[in-house]
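Step one of this worksheet: look at the structure below.
In UniProt numbering, the protein residues as written are 1 to 94.
Written out as structure tokens, the structure is:
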């Protein structure tokens, strides 16, 4: 078989035509990826958001308390301390 410029051009033309046909076929057969979350996953996602919000609130509260203690403005009554101590003891045994 003799290979000349005309034959190479014909081969390249056929190759390019096949590439275009294959691309059209793959475009039609491509499917979109989909994701669906279970009820439990959605609940976990919701819980995570609530936990982050609570964490921020707690961080702000701790910052305020630290500032108040440092400035000497933090005052707690002895009665409040006693109540909390008793609550912890009672909850430990219940």
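In this text, a Cβ means the ideal position worked out from N, Cα and C, and glycines have one as well.
For residue 51, the enclosing alpha helix (DSSP H) starts and ends at 39 to 71.
For residue 34, there is no enclosing alpha helix (DSSP H), as DSSP marks it with neither H nor E. Residues of the same chain with their beta carbon placed closer than 7 Å to that of residue 8 are lacking, with the five preceding and five following residues left out of the count.
Per DSSP, the continuous alpha helix (DSSP H) segment holding residue 89 begins and ends at 78 to 93. Only residues of its own chain outside the window of five on either side were considered, and among them none has a CB closer than 8 Å to the CB of residue 86.
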